[in-house]
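Positions in the sequence shown are counted from 1; adding 151 to them yields the working numbering.
Using N, Cα and C, we set each Cβ at its ideal position, and we do this for glycine too.
Given the structure is predicted, the values throughout are model-derived calculations rather than measurements.
Have a look at the structure below before the remarks.
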Amino acid sequence: MKTQNQSVSSNKSLDNQEKQKFFFVLGRNPQLSRTEILEFLKARNRTHEEILFDENLLIIQVNAGERFNIQEFGGTIHLGQINFEGEMEKLKNHLNQNEIIPSDKFSYAIHGNLDPQILQDKFKKEHKKASQKHGQKLLEFQGGEKGKNPKADFHIFLHEKDGIIYLGTSTQTYDPTEVKKRDMQKPIRREALAISPRLSKILINLSGAKPHDKLLDPFCGIGSILQEALIKKINVHGIDKEKEATTDAEKNLRWLTQEYNIQTKYTIINEDSRRAPDLQFNAIATETPLGKLLTKKPSDNQAKQLIQNFEAYMIPILKHLKKIKKPSSKIAITFPVIRNLHVDTQKITEKAGLKIYMQPILESRQDQFISRDILVLI
Ligand SMILES: C[S@@+](CC[C@H](N)C(=O)[O-])C[C@H]1O[C@@H](n2cnc3c(N)ncnc32)[C@H](O)[C@@H]1O
């Protein structure tokens with residue numbers, strides 16, 4: 152009996168290059184996670200074509216031999232190669248001829264919209280002790296809908312779109328342990344203010360930063376974004392006008408470079424971002440300040456005022472950032488959303504002489520009255 156991998160038939164596209172397809176099961180903000188992957192590939196000039204994007208499922212076609220490392224991304228939960236693609240009759244044949252899971256006793260979870268009965272029947276026929284895991288409300292999507300991300304030995308992608316069924320088994324699952332460890336063990340933590348490693352990775356990938364590039368975080372705080380960028384072998388510059396933040400960022404980055412034996416360079420400056428040095432940065436990734444920490448829900452008027460103050464504060468800073476980056480370099484940035492009031496992105500981008508490269512994508516949690524728009528400027 153063949154294993155599933157042996158049955159892969161790579162397809163040839165018009166440019167005659169062998170192709171293969173990968174599926175991605177995306178996390179709580181599918182639109183943001185999808186863009187993260189596409190921008191990651193674009194920044195590296197890796198040929199790719201989006202085949203399908205359905206709820207939190209994405210399929211991308213790339214050149215044969217291309218590989219992914221799930222830990223590079225902030226927003227992907229599982230990924231693997233598509234091993235079968237075709238209509239139902241062909242799927243039945245494929246399942247008759249190929250082993251999907253090379254084990255006699257296992258648990259599995261299905262990601263996709265196709266009725267899993269066909270797999271249940273197959274495993275039964277093969278006398279395998281296979282239990283399907285469904286999971287309970289483990290994933291909360293943007294907007295509050297609940298999704299499932301069951302724990303299982305194998306994650307199977309089984310999805311149908313426009314009469315074509317795609318099948319694959321996950322080869323990589325996001326492992327949060329290492330990321331959590333470096334987030335929890337770093338010398339200085341600032342829970343109320345610091346951005347998560349997940350969002351840090353996403354911003355870095357959206358900024359197009361690659362290994363050996365020079366990335367700037369002009370509001371670096373205690374260095375959460377810088378930390379994730381250093382792990383990706385990106386040279387980082389952090390600026391913060393608060394002395395304590397820069398001392399803390401220094402401590403965190405010194406710890407990180409020792410702990411992970413990182414040779415990549417970092418510089419932290421205690422300065423106002425309006426005076427950030429002109430190093431013609433390759434990328435900027437940052438989480439902007441709101442001005443003051445909100446402890447209770449502001450009124451509509453207060454929210455309006457906060458947003459207006461934010462806009463006025465950011466324009467001169469963005470103007471300066473434009474001067475100190477390469478013309479093609481991107482700024483991946485968060486703007487606050489308070490009580491559903493958004494920053495006038497168009498207005499402040501124009502006033503700063505920049506352009507919107509990626510329209511805002513909302514990143515919110517149900518229990519918070521401050522959310523973020525994530526966008527990319529150029
Ligand atoms: C939301 S926090 C960033 C937190 C950071 N991502 C972290 O993980 O710690 C914003 C930071 O911007 C800094 N800041 C505000 N205005 C600034 C300016 N004009 N120049 C430099 N830093 C500034 C604040 O001191 C604060 O540390």
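heavy atom of ligand 1 below 7 angstroms from residue i C-beta
i      : result
Phe370 : yes
Leu203 : no
Ala360 : no
Pro348 : no
Ala281 : no
Arg341 : yes
Asp334 : no
Ile252 : no
Ser375 : yes
Pro449 : no
Leu354 : no
Glu277 : no
Reduced DSSP category for residue i - H, G, I as helix; E, B as strand; rest coil
i      : result
Pro511 : strand
Asp495 : coil
Lys172 : strand
Gln519 : coil
Ser347 : coil
Thr154 : With a pLDDT of only 43 at Thr154, under the threshold of 50, the placement of this residue in the model should not be trusted; the figure read from the coordinates follows. Note: Thr154 maps to strand in three-state DSSP.
Leu377 : helix
Thr198 : coil
Phe274 : helix
Lys299 : coil
Leu242 : helix
Asp313 : coil
Glu206 : coil
Asp524 : strand
Rounded distance between the beta-carbons of residue j and residue i, thought under 8 angstroms
i      : j      : result
Tyr259 : Ala281 : 6 angstroms
Lys481 : Ile529 : 5 angstroms
Glu201 : Leu189 : 7 angstroms
Ala436 : Asp524 : The pair is not a contact, with the Cβ atoms about 15 angstroms apart (cut-off 8 angstroms).
Tyr325 : Ile228 : 5 angstroms
Asn433 : Ala380 : Wrong, their Cβ atoms sit about 11 angstroms apart, outside the cutoff.
Ile373 : Ala345 : 6 angstroms
Asn207 : Gly298 : 7 angstroms
Ile484 : Thr439 : 6 angstroms
Ile475 : Leu445 : Actually they are not in contact, since the Cβ atoms of Ile475 and Leu445 sit about 31 angstroms apart, beyond 8 angstroms.
Paired residues, beta bridge with residue i - DSSP
i      : result
Lys258 : A small fix is needed here, since residue 258 is Ser in this sequence, not Lys. Ser258 is bridged to Ser282.
Lys365 : Asn386
Check: residue i C-beta below 7 angstroms from any heavy atom of ligand 2
i      : result
Lys392 : No copy of ligand 2 occurs in the structure displayed; its ligands are ligand 1 alone.
Original post:
Unbroken beta strand (DSSP E) runs of length 3 or more, entirely within the region 417 to 496: which are they?
Top reply: DSSP runs (the beta strand (DSSP E)) wholly in the region 417 to 496: 417 to 421, 432 to 438, 476 to 489.
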